[in-house]
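Engineer: Numbering (the numbering used here), first residue to last: 21 to 779.
(1) What would DSSP say about residue 372, mapped onto helix, strand or coil?
(2) Please state whether the Cβ-Cβ distance between residue 344 and residue 331 is less than 8 Å.
(3) So, does the region 633–641 touch the region 246–262, judging by three or more C-beta pairs under 8 Å?
(4) Strictly by DSSP, which residues pair up with residue 206?
(5) What does a CB cutoff of less than 6 Å around residue 296 pick up in its chain, not counting 5 residues either side in sequence?
(6) To the nearest whole angstrom, what separates the beta carbons of residue 65 and residue 52, a pair I think is in contact under 8 Å?
(7) Could you tell me which uninterrupted beta strand (DSSP E) segments, each at least 3 residues in length, are contained entirely in the region 733–770, listed from first to last along the chain?
(8) My parser needs the beta strand (DSSP E) runs of 3 or more residues fully inside the region 501–531; what are they?
(9) What number of angstroms, rounded off, separates the C-alpha of residue 299 from the C-alpha of residue 498?
(10) Which one or two residues does DSSP pair with residue 677 in a beta bridge?
(11) Near residue 419, which residues of its chain fall below 6 Å by C-beta distance, leaving aside the five closest residues on each side in sequence?
(12) Would the region 24–39 and the region 187–200 be scored as touching if the rule is three or more Cβ pairs under 8 Å?
(13) Given a cut-off of 8 Å on the beta-carbon distance, is the pair residue 526 and residue 337 in contact?
(14) Report yes or no: do three or more beta-carbon pairs, one from the region 549–557 and one from the region 531–539, lie closer than 8 Å?
(15) Determine the extent of the alpha helix (DSSP H) in which residue 714 is found, giving its start and end residues.
(16) How many whole angstroms separate the CB atoms of residue 69 and residue 22, which I take to be in contact at a CB cut-off of 8 Å?
(17) So what's residue 292 in DSSP terms, helix, strand or just coil?
(18) Roughly how many angstroms lie between the CA atoms of residue 579 and residue 562, to the nearest whole one?
(19) Judging by CA-CA distance, which residue of 609, 351, 137 is the nearest neighbour of residue 365?
(20) Suppose only complete runs of 4+ residues qualify. What are the alpha helix (DSSP H) ranges in the region 148–211, listed by chain order?
(21) Applying the criterion that 16 or more other CB atoms from any shown protein chain within 10 Å of the CB defines a buried residue, is residue 659 buried or exposed?
(22) Answer with buried or exposed for residue 670, where buried requires no fewer than 16 other C-beta atoms within 10 angstroms of its C-beta.
(23) Would you kindly check if the distance between the Cβ of residue 152 and the Cβ of residue 123 is under 8 Å?
(24) Considering just the uninterrupted stretch of the beta strand (DSSP E) at residue 546, what are its terminal residues?
(25) Tell me the DSSP secondary structure of residue 644 in three-state form.
(26) Which first and last residues belong to the alpha helix (DSSP H) in which residue 486 is found?
(27) Which residue marks the beginning of the alpha helix (DSSP H) containing residue 410, and which one marks its end?
(28) Are the CB atoms of residue 587 and residue 602 nearer to each other than 8 Å?
(29) In its own chain, which residues sit with a C-beta less than 6 Å from the C-beta of residue 140, not counting the 5 before and 5 after it?
(30) Does DSSP put residue 416 in a helix, in a strand, or in coil?
(31) Who pairs with residue 233 in a beta bridge, going by DSSP?
(32) What's the C-alpha gap between residue 559 and residue 381?
(33) Any contact of the region 748–757 with the region 403–410, i.e. 3+ C-beta pairs under 8 Å?
(34) Could you please give me the residues that DSSP links to residue 731 through a beta bridge?
(35) Rounded to a whole number of angstroms, what is the C-alpha to C-alpha distance between residue 155 and residue 575?
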C-alpha cells in the first residue's frame, strides 16, 4: 500500500473537482480524502502504487471540463489506513487562490430543464457541479455553500440527498436547488411570480415591450431584436442613438441564419464562457437594422443562464421570437444594475416591466465581448466567464499590489506574487456610481483573494477619479504613464520581461510633458520607458467636445497643412464652416481650451471627418469604426497597394515624428480630386502602417531591439493591426499582441501591476 498527498492548484473549486476526485479514487479502489484548502485541493490517496499513479494521470489528462490545472505537487506520506474515500470539510490555508468565473448552463442541465419527467422541469436556477454561478455569488473562499448567497436557500430533502450522494451529478454542487427550495423569479411591483412571471415577460416581449431581466451578474435590457420599433424605442429611452446592441439568439442554428462565422467563433459561442462574439452579419438575416446600424458586424451570444433558455422556450403557448436584444441594464456611464433597488432607481424608466429574482449578486459581472484575430480570441471586454482568472508570469515577484486601472472601461488588478488577477469590467469612472462600484469591488475582491496590497498603482492624469480613489487609500502610491501601462499590459500577457519597442495607439492619455499623448512609440522594460517616436502633434481644441467631434481635429490638422488656405479647404470639403474654422483657429492661437495632442484615436476621427464618413461620434470610437468599415469595403489585402508618400517619418530633436499631417493632406487632396472615399480610407490605414513600421525599424536598428509590442484601443481595429503586424514580421521583428486581455483601457490595470518599481 502507498500513500501520497497530492496538491492541485488552479481553478479546482466550483467546477466539480472534489466529486470528480472522489469518483475516480473509488473506481480505482483507493481510500483517503479530498478537501478544499482555499488556495488548492488536497488529496490523500492510499492504495496500490498503480492506482495512485492512475489517479495522478486522470488529474493531469482528463480533469473536469471547466477546471484549469496550473500545477500538481505530490509527496509520499506515512499515514494510518483509511477505511474509504471521502470528501471532507474544507480547511482554510494561506496561498495562491484561484476563483472560478461564472459558468454557463451545461447541456445535461439544459436537457433536464425541458424534461417533463424531471423534478427540475422549467426550474430557472438549475445547475450542477459543471455549471452555474460562481464568482457573482461568492462571499469568501473556500467555495462552499455557506460562503455563497445560496446559503439563503436551505436545501430540501431531495436536493440534500443529491448533494451528499457521490453517484449524482450534483454531489457537492454548492448552488444546488430545485423548484421547491431554490430562488424564485418575480415581476417587480406585481403579484406575478414563477411561471406566471415568465409567461408575462414573454408576452410583453412579443407585444413590442422592453423588459429588464436580472441574470447572473446583473440586469439586461431586453426586447425583440426583429422588432424595429421596439429597438428604436429602447435606443431613444437609453439615449444610445447608434452604438451597436448585443443580441442573444436562441441556438446556434439561429446564429447561422443571421451571421457568417468559422470554427473558432463557433467554439467561443458554444463554450462554457458564452461571451458576446462579434460576427459578420448576413444580408439575408432577419435582425432589424437598428440593432447595429451601418455596421457589418453584430455582437451575438447564446443563452448562458437557465432563465434565458426559458425566455425563449416555455410551456405556455406563447409564440416567441428566437432573437432578443440583450444590452447591459444601466444608465449611460453607470455600472450595471445588480439588485431591485438599482433597477427601480436607475432603469425603470427604460422598460415596461422588470423580471427579477431573489438570489443576491455580490459582484457585478457584465458580459464579455470577444473578437477573433488570426484564429485566436481577441478580447474587447473581459468579464463574465473569464474574470478573475489570473494572468500568470514566470517573474519571481514578491509582495502584493493593487492597480486601479484607467478612467474608461475600468478594470482593476490585484497582484499576488507572479499572479495577476484582473477584475470583471467595472465601467467608466466619470459617474460617481461607478466609482462607488469600483470601491465595493476592490474591497470584495481583496477579501475573496485574501489580498493585503502593500502599494497601489494608478494613472498619471491629475483629474481622473481613479487617481483620486488611489490617493485616498493610504498606501504607498506610484503613478504610471498611460501608454507605457498599455505596453506593459501586452508584455505581461505574453510573459515577456525584456526590453521592447512598444507601439501604443489609443484615444487620449496624460503625457509626462503635460500634453495629450495617444500615438506613441516607446522603448520599454518593466522599470521605465523612453519616448522614441509619436505621430506629429496637432492642436486639440474644444475640451471634451474634441473627443467627439472629429471635424475639430480635421480642421486643425488641415489648417497646419494648408496654412492660410486651411479655412477654404475645410469649407470646400464640408469639414466645417468658415465661421467655425475661424473660431477654432482663435482658440488654438490663444490656447483657450486647447492643448497639443498626439492622439491616434483623434487622428482616425479626423480622417473620418475629412472623408465625409463621420463628422462626429455619438459613442466612443464610432467615427474610427466607420473609417475601418469603409476601408474594408475597398480591400482586405494585408499590404498596401500605394506608392509611399515622399516622407513617412521625420527626425526631430527628441523623437521620430510620423508625418500624419501630410497623411491628412493626402486625404484632402484625394477628396478634392473626386477619388473613391473607401479607397482613401484604405490608403489611410496602409500609409499609417507604413509610417509606424518605418519608425520601429529605425528604432530597432539603433537599439538592437527585435521585439515589438502593439497595444492601445486603436489596435481593436483589426485592419490596422494586421497591416502593422505583417509589416513588422516581414522586417524580421517579433510582434507581441493581445488575446485574452483587452488592448483597450480595460487591460491597462495589468500593465500598471506589472510595473517594477525599484525605488
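Just so you know, even glycine gets a beta-carbon here, dropped at the ideal spot from N, CA and C.
Structural biologist: Put simply:
(1) Position 352 of the chain shown holds residue 372. Coil, per DSSP.
(2) As a working note, residue 344 is residue 324 in the chain shown. As a working note, residue 331 is residue 311 in the chain shown. Yes; because the gap between Cβ atoms is below 8 Å, this pair is in contact.
(3) Touching, yes, given that three or more Cβ pairs across the two stretches are closer than 8 Å.
(4) Translated into positions along the chain shown, residue 206 becomes position 186. Paired residues: 213, 376.
(5) The residue labelled residue 296 in the question sits at position 276 within the chain shown. Listed in chain order, the non-local C-beta contacts of residue 296 below 6 Å within the same chain comprise 266, 319, 321, 387, 389, local neighbours out to five positions each way being set aside.
(6) Residue mapping note: residue 65 aligns to position 45 of the chain shown, counting from 1. Residue mapping note: residue 52 aligns to position 32 of the chain shown, counting from 1. Confirmed, Cβ separation roughly 5 Å.
(7) Runs of the beta strand (DSSP E) inside the region 733–770: 754–756.
(8) Whole beta strand (DSSP E) segments, 3+ residues: 520–530.
(9) Counting from one through the chain shown, the residue named residue 299 turns up at place 279. Counting from one through the chain shown, the residue named residue 498 turns up at place 478. In a straight line, the C-alpha of residue 299 is about 40 Å away from that of residue 498.
(10) Taking the first residue of the chain shown as position 1, residue 677 is located at position 657. 554, 670.
(11) Counted from its first residue, the chain shown places residue 419 at position 399. Counting only Cβ-Cβ distances below 6 Å, and skipping sequence neighbours, we find 474.
(12) yes
(13) As a working mapping, residue 526 is identified with position 506 in the chain shown. As a working mapping, residue 337 is identified with position 317 in the chain shown. Their beta carbons are not under 8 Å apart, which means residue 526 does not touch residue 337 by this criterion.
(14) yes
(15) Within the chain shown, numbered from 1, the residue matching residue 714 stands at position 694. Its alpha helix (DSSP H) spans residues 697–723.
(16) Taking the first residue of the chain shown as 1, we reach residue 69 at position 49. Taking the first residue of the chain shown as 1, we reach residue 22 at position 2. That belief holds up - the Cβ atoms of residue 69 and residue 22 are roughly 5 Å apart, short of 8 Å.
(17) Translated into the one-based positions of the chain shown, residue 292 becomes position 272. Note: residue 292 maps to coil in three-state DSSP.
(18) The residue given as residue 579 occupies position 559 in the chain shown. The residue given as residue 562 occupies position 542 in the chain shown. One C-alpha to the other measures close to 16 Å.
(19) Residue 365 sits at position 345 when you count from the first residue of the chain shown. If we check each option's Cα against that of residue 365, 351 comes out closest.
(20) Complete alpha helix (DSSP H) runs here, min 4: 177–184.
(21) The residue you call residue 659 lines up with position 639 of the chain shown. Note that residue 659 scores a pLDDT of 49, beneath 50, so its modelled location is shaky and nothing firm can be said.
(22) As a working note, residue 670 is residue 650 in the chain shown. That one is exposed.
(23) On the chain shown, position 103 is the one that residue 123 refers to. On the chain shown, position 132 is the one that residue 152 refers to. Yes, these two residues count as a Cβ contact at 8 Å.
(24) On the chain shown, residue 546 is found 526 positions in, with the first residue counted as 1. Taken as a continuous stretch (DSSP letters only), residue 546 belongs to no beta strand (DSSP E), as it is neither H nor E.
(25) Translated into the one-based positions of the chain shown, residue 644 becomes position 624. The answer is helix: DSSP assigns residue 644 an H, G or I state.
(26) Here residue 486 corresponds to residue number 466 of the chain shown, with the count starting at 1. 485–491 is the span of the alpha helix (DSSP H), which, as asked, contains residue 486.
(27) On the chain shown, residue 410 is found 390 positions in, with the first residue counted as 1. Premise fails: residue 410 lies in the beta strand (DSSP E), 410–412, not in any alpha helix (DSSP H).
(28) Against the chain shown, residue 587 aligns to sequence position 567. Against the chain shown, residue 602 aligns to sequence position 582. Cβ distance < 8 Å, so residue 587 and residue 602 count as in contact.
(29) In the chain shown, residue 140 corresponds to position 120, counting from 1. In its chain, beyond the 5 residues on either side, 132, 146, 198 have a beta carbon closer than 6 Å to the beta carbon of residue 140.
(30) Walking along the chain shown from the start, residue 416 turns up at place 396. Three-state result, residue 416: coil.
(31) The count along the chain shown starts at 1 and reaches residue 233 at position 213. DSSP output for residue 233 lists 240, 375 as bridge partner(s).
(32) Numbered from its first residue, the chain shown carries residue 559 at position 539. Numbered from its first residue, the chain shown carries residue 381 at position 361. If I take the Cα positions, the gap works out to 46 Å.
(33) The region 748–757 makes no contact with the region 403–410, as fewer than three CB pairs between them are under 8 Å.
(34) Locating residue 731 in the chain shown gives position 711, counting from the first residue. DSSP output for residue 731 lists 524 as bridge partner(s).
(35) If you number the chain shown from 1, residue 155 lands on position 135. If you number the chain shown from 1, residue 575 lands on position 555. C-alpha of residue 155 to C-alpha of residue 575: approximately 49 Å in a straight line.
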